[in-house]
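2 protein chains.
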Amino acid sequence: MVQRQETSGNRLDDAARAGWLYYVAGNNQEQIAQTLGVSRQTAQRLVSLSISEGLIRVRLDHPIGRCMELGEKLRQRYALDFVEIVPTDPTAPDSINGVAIATAGQIERWLKHDEPVIMALGTGRTLKAAIEQMSPIDASQHKIVSLTGSIAPDGAAAYYNVIFDIAQTVKARSFPMPLPVIASSSRERELLHAQPMIQETLTLARQANVTFVGIGEIDPDAPLYVDGFITSDELRSLQKAGAVGEICGWSFDADGKLIEGLTNDRVASAPVPSRETSLVVAIAAGNKKLPGLRASLSRRLVNGLITDERTAENLLNTP
Amino acid sequence: MVQRQETSGNRLDDAARAGWLYYVAGNNQEQIAQTLGVSRQTAQRLVSLSISEGLIRVRLDHPIGRCMELGEKLRQRYALDFVEIVPTDPTAPDSINGVAIATAGQIERWLKHDEPVIMALGTGRTLKAAIEQMSPIDASQHKIVSLTGSIAPDGAAAYYNVIFDIAQTVKARSFPMPLPVIASSSRERELLHAQPMIQETLTLARQANVTFVGIGEIDPDAPLYVDGFITSDELRSLQKAGAVGEICGWSFDADGKLIEGLTNDRVASAPVPSRETSLVVAIAAGNKKLPGLRASLSRRLVNGLITDERTAENLLNTP
DNA sequence: ATAAATAATGAGTATTTGCTCATTGCCGGA
DNA sequence: TCCGGCAATGAGCAAATACTCATTATTTAT
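Structure, rendered in C-alpha cells:
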C-alpha cells in the first residue's frame, strides 16, 4: 500500500496553496481556511509559512524598485539614517534634475513639520537646483541657517549660496553668514567668527536638526576653484595633500579625513553639524563626485544621501 | 526653470516605493507613512495603488502554483464549484497516486464535519486507490451511500465497488446497493429497485450532500467491459451510439448527453445526484479519460473535479 | 511501550489594514 | 475673481491579520 505523503511535504504544499490563494487570487484567510479545510489561524500560519519559506516572490515592475534595493544596500553598508535613490533618466544620465526634485521634496517635508526645526544648508550647484524646485511654503516656525559664507571673492553674493534663494520661496527665519567663503588668513577667520552675530549663527548651525550639503570634487573642475574661491596653486596643493572632495569648503582625503592646514585653516564655513544630533544629508550625483562621496560616506561625514541610480551602483561597485 | 514632475508621475513613483517597502521590505503602513512623509491612510492608498496599477507582481515558486492557475481556469470555464489539481509526478506521469491522495484528503475533510453529511460514492480504480489512502476516522454522524451495485456478474463482490472498503476504515453508517451493476433487463432493474431497502438507499443517494465518482472510458479498455459488466458487443454498440465515457455505468456521448437505450436501460446504479443539491466531484486523470471528462464537464454532469496537472492542461487545450 | 521533546492547534487579544464619509484644497471655466 | 467639480485627505470605524499562550497531537529516544 502506498504511503500518504509525509507531513512536511503536505504542509509546504498547503502553504503554497494558501500563499497562492492569498497573494495571487486575493482571497482572505477566512476563505482560504474554508477552501483548505483548516482553521483560520492555521490558514494564517500557512500564508505566513509561504513567505518565510520563500515560496512567494514579490517583484516590483517599476524603475523605483531597483532604486529601493540600491538604497537599502547603501543604507546598510554605510550605516546611513536616510537614503533616497532616484532613477537615472536614460535619455539624460548626467542630469541632476531627479536628485534636485527629490531633495526639494525632502526639504519641503522637513519644513512641513509642526515642531520647530533648525535646517542647515551647504552650497553648490545641485543644492541650488533643488531649491529652485521648491514650492512656496509657510514655515515660519522653522529656522534655516547657511553653513557657508555668502560673499564671493569679488565682494558680490556667492552665486551658489542658497540661503537667499530659499528665503525667497519659503517663509522662514533665515540666517545667512555674511562672510567670505574662505578667509584670507586663519587670523581673519577667527576675527570674523568672533563677531556676535556670526557667533549666534554658528551656534544655530551646531544645533541643526537636519542639514543638506553638496559634495564638491577636488579636480580641475573643482567648484571651489571654478568659482574663484581658491587659486590653481591652492587646488594643486590640496590634490597633493590627498584631497578628493569637500563639503562646505572643508576638504578631506580619500578616507574622509579632513586635510590639515592649507585652505582648511581659512575656511570660514561653520563645521558640518554632528551626525549624532543632526541628519546630515549629502546631495550628490555623477561620476566626478564618486571619490568624495565614498570618502564622506566611509567616515560618516554624512549620515544621509540623496543620489541617483547610476551613482548608487557605482558606489556599491568595488570600494 | 525646470518644472516639477507632474503629480501623477510622482504618485506612481510613491506607489512603487510604498509597494516595495510593504511587500519587499516588509514594513507596515505606519512605517511607510513615516518614511514617505504622508499619513497612514495615504500610505495605505499608495500600497493599494501599487497593486491595482500592476506594479507589484507576485509569483509562487512551487509546483502547486501552476496547479492553482490551471484549477482556476478550469473552474471558470466549466463553472465548477470545486477543483483540485495535483502536480504530475515527472517520474511517474501516469500515476494516479497524487489524485488518490488528494481525493482521500477531500473525503476525510467532509467526514470531519460536525453536521451530518450524506456522502455518495461511485466506483472505479481511482476511487478505490483513494479510499486506500484514507486514515481511520470516526464519522458516525455521517452516512455513506454507494451509487452502484456491489455484485459482480459472477455473483462475487464487485471488486472496484468502494463502499465496503471505506466501511472498513471509516466508522460511519454505510449503505451498499446489494444489486448487480447492470441488470439483465430493464424489467429486472425495475423489480430490483422496487425493493423497500433499495428504495431507501436510492432516496439517500438523491439526498447526498457530496458525491465522488470516477469516470470510465468507453474504449477497448473500458472498465465496464474489462470487469465483465458488459460484453464486447455491448461495448461496440455503445461506441457506435457515440458513447465516450460513463459514470457509475451511465454512458454518455461527447456532449455529455446520456445514451438512450442500450445498457443505460439496464444500469442498476442510482442516478448521479443533482448538481443543484450535491457537490458531485469527478476523480479522473490520464489521457484516456479526456473525452469522458470533457463531456461530463461541459454538460455539468459533475460540478467538481480532482485531477492532475497534465490532464488539466490537456483539458484546457483546444476543446 | 513510555516519557520527554517537539510541533500543531484553537481561543483570545492586540495590531494592522481597508473602507466610508465628511472636509479640504486644487483646477479649469465663466 | 469667483464658483462648480473633482481629487486628495484625515478621522473614525469595521474587518482582517498577527501574535501569545495554554492545550493537544505527534514524534523521538530510551
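Same order as they appear, the protein sequences are chains A and B. Its first residue numbered 94, the first sequence is counted upward by one per residue in the working numbering. Its first residue numbered 94, the second sequence is counted upward by one per residue in the working numbering. Ideal placement from N, C-alpha and C gives every residue a C-beta, glycine not left out.
Beta carbon of residue i nearer than 7 Å to that of residue j
i, j, result
"residue 367 of chain A", "residue 357 of chain A", "no"
"residue 322 of chain A", "residue 274 of chain A", "yes"
"residue 258 of chain B", "residue 157 of chain A", "no"
"residue 399 of chain B", "residue 376 of chain B", "yes"
"residue 371 of chain B", "residue 304 of chain B", "yes"
"residue 386 of chain A", "residue 291 of chain A", "no"
"residue 112 of chain A", "residue 153 of chain A", "no"
"residue 144 of chain A", "residue 160 of chain A", "no"
"residue 181 of chain A", "residue 401 of chain A", "yes"
"residue 166 of chain A", "residue 409 of chain A", "yes"
"residue 193 of chain A", "residue 226 of chain A", "yes"
"residue 388 of chain A", "residue 338 of chain A", "yes"
"residue 216 of chain A", "residue 189 of chain A", "no"
Close-in-space but distant-in-sequence residues of the same chain around residue i (CB under 8 Å, 5 per side omitted)
i, result
"residue 204 of chain A", "210, 212, 230, 232, 235, 263 and 265"
"residue 314 of chain B", "381"
"residue 281 of chain A", "359"
Three-state secondary structure assigned by DSSP to residue i
i, result
"residue 226 of chain B", "coil"
"residue 406 of chain B", "helix"
"residue 334 of chain A", "coil"
"residue 255 of chain B", "coil"
"residue 234 of chain B", "strand"
"residue 316 of chain A", "helix"
"residue 189 of chain B", "coil"
"residue 177 of chain A", "strand"
"residue 204 of chain B", "helix"
"residue 350 of chain B", "coil"
"residue 269 of chain A", "strand"
"residue 395 of chain B", "coil"
"residue 369 of chain A", "coil"
"residue 153 of chain B", "strand"
"residue 401 of chain B", "strand"
"residue 277 of chain B", "coil"
"residue 112 of chain B", "helix"
"residue 324 of chain B", "coil"
"residue 210 of chain A", "coil"
"residue 78 of chain A", "Residue 78 of chain A lies beyond the range of chain A shown here (94 to 412); nothing can be said about it."
"residue 389 of chain B", "helix"
"residue 356 of chain A", "helix"
"residue 361 of chain B", "coil"
"residue 374 of chain B", "strand"
"residue 215 of chain A", "coil"
"residue 307 of chain B", "strand"
"residue 241 of chain A", "strand"
"residue 263 of chain A", "strand"
"residue 195 of chain B", "helix"
"residue 250 of chain B", "strand"
Supposed close pair residue i, residue j - CB separation, criterion 8 Å
i, j, result
"residue 306 of chain A", "residue 373 of chain A", "7 Å"
"residue 223 of chain A", "residue 237 of chain A", "About 13 Å; that fails the 8 Å criterion."
"residue 379 of chain A", "residue 411 of chain A", "Incorrect: roughly 17 Å between the Cβ atoms, too far for contact."
"residue 268 of chain A", "residue 297 of chain A", "6 Å"
"residue 243 of chain B", "residue 289 of chain B", "Actually they do not touch by this definition, with Cβ atoms about 18 Å apart."
"residue 191 of chain B", "residue 176 of chain B", "Not quite, the Cβ-Cβ distance comes to about 14 Å (not below 8 Å), so this is no contact."
Beta-carbon contacts of residue i that lie in its chain and below 7 Å, excluding the five residues immediately before and after
i, result
"residue 336 of chain A", "311, 344, 345, 346 and 352"
"residue 279 of chain A", "358 and 359"
"residue 174 of chain A", "372, 396 and 397"
"residue 134 of chain A", "none"
"residue 331 of chain A", "311, 344, 352, 355 and 356"
"residue 136 of chain A", "111, 122, 125, 126 and 129"
"residue 276 of chain B", "282, 285, 359 and 361"
"residue 109 of chain A", "143 and 148"
"residue 186 of chain A", "403"
Sequence-distant residues of its chain with Cβ nearer than 6 Å to residue i (five each side left out)
i, result
"residue 350 of chain A", "none"
"residue 94 of chain A", "Low confidence applies to residue 94 of chain A: its pLDDT is 22, below 50, so where it sits in the model is not reliable, and the reading given next is rough at best. There are no such residues."
"residue 221 of chain B", "253 and 255"
"residue 196 of chain B", "223, 376 and 399"
"residue 98 of chain A", "Confidence is the limiting factor: at residue 98 of chain A the pLDDT is only 34, short of 50, which leaves the residue's position unreliable and the question unanswerable from this model."
"residue 260 of chain A", "267"
"residue 248 of chain A", "none"
* For the stretch 393-410 of chain A against the stretch 109-125 of chain A, are there 3 or more C-beta pairs whose distance is under 8 Å? -> no
* Taking three-plus beta-carbon pairs below 8 Å as touching, is the stretch 136-154 of chain A in contact with the stretch 112-122 of chain A? -> Yes, since at least three Cβ pairs between the stretch 136-154 of chain A and the stretch 112-122 of chain A fall closer than 8 Å, the two stretches touch.
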